[in-house]
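The opening residue of the sequence shown carries number 1 in full-length UniProt numbering; numbering runs sequentially from there.
We treat Cβ as the ideally placed atom computed from N, Cα and C, and that holds for glycine.
Beneath this line is the structure, given in structure tokens, with notes to follow.
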Amino acid sequence: MTTSGETPPQAKKTHLSHPKYRPDIDGLRAIAVLSVVAFHAFPASIQGGFVGVDIFFVISGFLISSIIFGSLEKNSFSFKEFYIRRVNRIFPALTLVLVATWVFGWFSLYADEYMQVGKHVAGGAAFLSNFVLLGEVGYFDNSAETKPLLHLWSLGIEEQFYLAWPLMVWAAWKLRINGLILILLVGGVSFALNISDIQVDPVATFYSPQTRFWELLVGSLLAYLVMFKPSVFRGLRESNASVACNFVSIAGMILIIGAFALTTKNDQFPGWWAVLPTVGTALVIAAGPGAWLNKKLLSTRALVWIGLISFPLYLWHWPTLTFARIINSGVPTIEVRTAAIAVSIGLAWLTYRALEIPLRNTLSTARAPALLVSMVVVGATGYMTYSHEGISNRAVVTDALAVNDQFVATTGWKYARNETCLNRYKFEDASTLPWWFCSTNRDAPPSIVILGNSYANHLYPGIIHAVPDAVTLSIGTCDPGDSINSEVLGNPCSLDRPKRQNEFIDDVIKKSNSVKTVIISGLSWVRDDDYINAFISRISSMDKMGIKVVVFVPHLMLGYNPRACFARPFKTPDQSCEVSAEERQRLLGSFARFKTLVSEKVGSVMFFDQNDTFCSDGSCSLVIDDLPAFRDEYFHYSEYASDQVGKRFVDWAEKNGVKLM
């Protein structure tokens with residue numbers, strides 16, 4: 001997503017060879033950035049708008065490779081000059097956006113939110129955002145829409161390409177290795193990895209450089225052919241050039257439009273889908289500036305102007321939209337999103353005029369080190385913010401300390417696992433899983449076992465606080481009724497992983513010979529009979545061992561982010577976190593069939609309605625004592641709510657003869 005590329009007329013000459021300026025490529029940049037911005041602001045308007053990033057990849061690969069090949073051909077290539085120019089082009093705008101995001105977050109974000117921003121500022125400054133995001137993917141991940149710097153993943157891919165590719169081309173040039181073979185070999189391997197890995201781990205394929213480099217190498221291939229194999233384009237220069245150029249350009253644009261229209265966020269991307277925008281972009285560039293589409297549409301003033309500010313516009317638009325969403329605690333209105341885009345365009349123009357024009361094409365050996373030091377300082381500041389857990393002594397946090405303490409980023413939930421549990425219950429798969437719940441309050445055989453996914457684990461603090469003398473174990477990750485999951489994803493509940501987990505946990509329970517009660521929560525109760533029968537079989541085995549099985553009735557949730565019920569900077573609460581009696585009855589009604597079938601087969605099973613904690617006199621409030629019942633947007637209990645549910649459960653257990661010790 002960088003501004004790398006051609007040298008505009010006003011640029012000073014350097015030893016590096018730059019391709020002749022083509023306004024139609026800036027027009028392509030405009031289409032790319034506008035599609036991305038439209039997709040982020042108004043997803044329904046252009047379902048495949050995210051492929052604009054892939055258009056940028058091809059453009060970047062073409063322009064950077066043109067510079068490298070041209071400089072090597074003239075024996076004037078310099079790594080020092082190459083990277084000084086990259087720093088001068090990229091660092092000013094990026095540094096400004098990182099600093100602005102950090103500063104605005106200081107005054108507007110709670111500790112868990114600001115802690116995440118700090119990590120992403122550090123990742124963005126190091127051009128490792130794609131790896132940072134890949135490390136966050138999974139159950140403990142926050143929504144993408146709440147990450148103001150999420151979009152820097154693509155910049156990370158590009159900069160990683162800029163580090164690896166010049167060295168590879170230079171080495172091949174010195175060793176007299178055919179450049180075309182190098183491009184086809186590296187690009188072919190990257191594309192093959194993309195196709196194979198997308199079936200196994202689509203998220204890693206999306207963020208990994210080795211499965212994305214082929215897109216930039218499509219541009220590199222075009223640059224190589226233009227420079228060293230001009231005969232390939234001879235047909236575009238003959239008497240029928242206008243027809244051939246127009247055909248190639250229109251064909252490319254059809255592929256790009258097809259990508260916008262046919263690709264959706266639910267498709268496995270990049271995969272084969274990425275061929276549409278990448279090949280389409282290459283064809284449009286290959287057609288040359290004389291093609292009618294390139295000259296009459298892509299070279300128009302409006303598109304060229306957007307193309308010139310495309311890099312800062314890309315940098316500004318996502319933080320602006322994300323902060324609007326965070327402050328709103330949900331999707332902002334169309335008016336707010338439109339205003340956010342207008343602000344982004346204004347900021348992009350100012351950035352272009354004040355930073356990019358003065359710095360982008362002038363070579364300064366003094367400026368680059370200063371920019372590099374500035375970026376290091378920004379990255380260190382981001383890491384400090386992350387390591388200090390969002391700097392909780394800021395006014396925005398201390399003014400609402402009690403409430404803020406209950407909102408915990410899912411990565412910060414301290415009850416997910418502990419060393420005592422991990423050392424005592426060594427599950428072979430745990431070391432390779434992105435998440436694995438395993439917590440116990442004592443290194444001893446348990447009397448209470450909590451089974452299920454995160455909606456079981458969020459009960460753990462409440463149980464150990466309510467019955468501190470009991471040994472409680474929260475273990476597992478998947479729905480306790482699952483054995484085989486057909487989803488092929490990089491998560492611990494895909495394929496036969498639930499079965500292996502269930503077998504391991506059941507063996508722990510059997511060998512412990514101490515378990516009095518098993519608490520089960522987080523069930524997918526609206527499922528087919530095979531699921532229900534598998535669940536019945538599992539708890540029947542526990543029943544035969546004399547273990548009391550207590551199934552928690554699913555808990556109430558909200559249709560919006562629970563933060564919307566509390567005041568925050570720049571916004572008063574606009575939701576109540578209340579749930580009507582009718583909504584509760586609908587939940588109970590949907591659970592009734594599951595409850596009946598299980599009760600008929602296992603008569604001893606008991607059901608505890610945890611919603612009694614929040615409901616009285618016909619209505620339910622998911623704010624308890626002015627504190628949130630949920631710690632995140634996925635409706636996991638806050639520690640305070642877990643404590644309240646735990647107390648109520650223990651009272652219920654005593655009244656109903658359920659042994660906990």
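By the CB criterion at 7 Å, Thr-613 and Gln-585 fall outside the cutoff.
Taking C-beta atoms as the reference points, Asn-194 and Pro-270 count as a pair closer than 7 Å. Contact between Val-186 and Met-168 is confirmed by a C-beta separation of about 7 Å, below the 8 Å threshold.
Counting C-beta pairs closer than 8 Å gives three or more between the region 472-479 and the region 413-433, which meets the contact rule.
DSSP places Cys-615 within a strand segment (E or B) once states are collapsed to three.
Membership of Phe-552 in any alpha helix (DSSP H) is not indicated; the residue belongs instead to the beta strand (DSSP E) covering 548-552. DSSP, reduced to helix, strand and coil, places Met-661 outside both helices and strands of the structure shown, so it counts as coil. In the DSSP assignment, Met-545 falls outside any alpha helix (DSSP H) and carries neither an H nor an E. Sorting Leu-660, Phe-82, Tyr-425, Ile-547 by C-alpha distance to the C-alpha of Trp-170 places Phe-82 at the top.
For the alpha helix (DSSP H) assignment, the uninterrupted runs of no fewer than 4 residues enclosed by the region 367-404 are, from N- to C-terminal side, 367-387, 395-398.
Contact check for Gly-382 against Val-121 passes: the beta carbons are separated by less than 7 Å.
Listed in chain order, the non-local C-beta contacts of Gln-210 below 7 Å within the same chain comprise Ser-190, Leu-193, local neighbours out to five positions each way being set aside. In the three-state reduction of the DSSP assignment, Met-606 falls in the strand class, which pools E and B. The Cβ-Cβ distance between Leu-293 and Ile-256 does not fall below 7 Å. Contact between Val-467 and Ile-539 does not hold, since their C-beta atoms are separated by about 22 Å, which reaches or exceeds 8 Å. Gly-462 sits in a helix when the DSSP states are folded into three classes. Residue burial is scored here from C-beta neighbours: Val-376 has fewer than 16 other C-beta atoms within 10 angstroms and is therefore classed as exposed.
Annotated as proximal: His-458 and Tyr-637, with beta-carbon spacing under 7 Å. Residues Phe-427 of the same chain have their beta carbon placed closer than 7 Å to that of Phe-504, with the five preceding and five following residues left out of the count.
Straight through space, the alpha carbons of Arg-648 and Asn-656 are spaced by roughly 12 Å. In this structure, Ser-329 and Arg-563 form a Cβ contact; the two beta carbons are roughly 4 Å apart against a cut-off of 8 Å. For Val-36, the enclosing alpha helix (DSSP H) starts and ends at 23-41. Counting along the chain, Ser-439 sits inside the beta strand (DSSP E) bounded by residues 437-440. The beta carbon of Leu-222 is closer than 7 Å to those of Phe-62, Ala-282, Ile-285, Ala-286 in its chain, skipping five residues each way along the sequence. In the displayed model, Cys-245 falls within a helix according to three-state DSSP. Taking a C-beta distance under 7 Å as the contact criterion, Ile-327 and Lys-571 qualify as a contact pair.
Proximity of the region 304-322 to the region 23-38 meets the contact definition, three or more beta-carbon pairs being nearer than 8 Å. Shown here, Tyr-637 sits in a strand according to DSSP, grouped into three states. Cβ atoms of Ser-521 and Phe-566 stay farther apart than 8 Å, at about 26 Å. Per the coordinates, the alpha-carbon of Asp-625 lies some 55 Å from the alpha-carbon of Ser-60. Relative to Ile-519, the option among Lys-659, Ala-111, Trp-273, Val-137 whose CA is nearest is Lys-659. In this structure, Ser-447 lies near Met-661, with their beta-carbon atoms less than 7 Å apart.
In the displayed model, Leu-558 falls within coil according to three-state DSSP, outside both helix and strand. In the three-state reduction of the DSSP assignment, Ser-521 falls in the strand class, which pools E and B. In the same chain as Trp-349, and ignoring 5 residues on each side of it, the C-beta atoms closer than 7 Å to its own belong to Ile-309, in chain order. Taking all protein chains in view, the Cβ of Thr-322 is crowded by 16 or more other Cβ atoms within 10 Å, so the residue is classified as buried.
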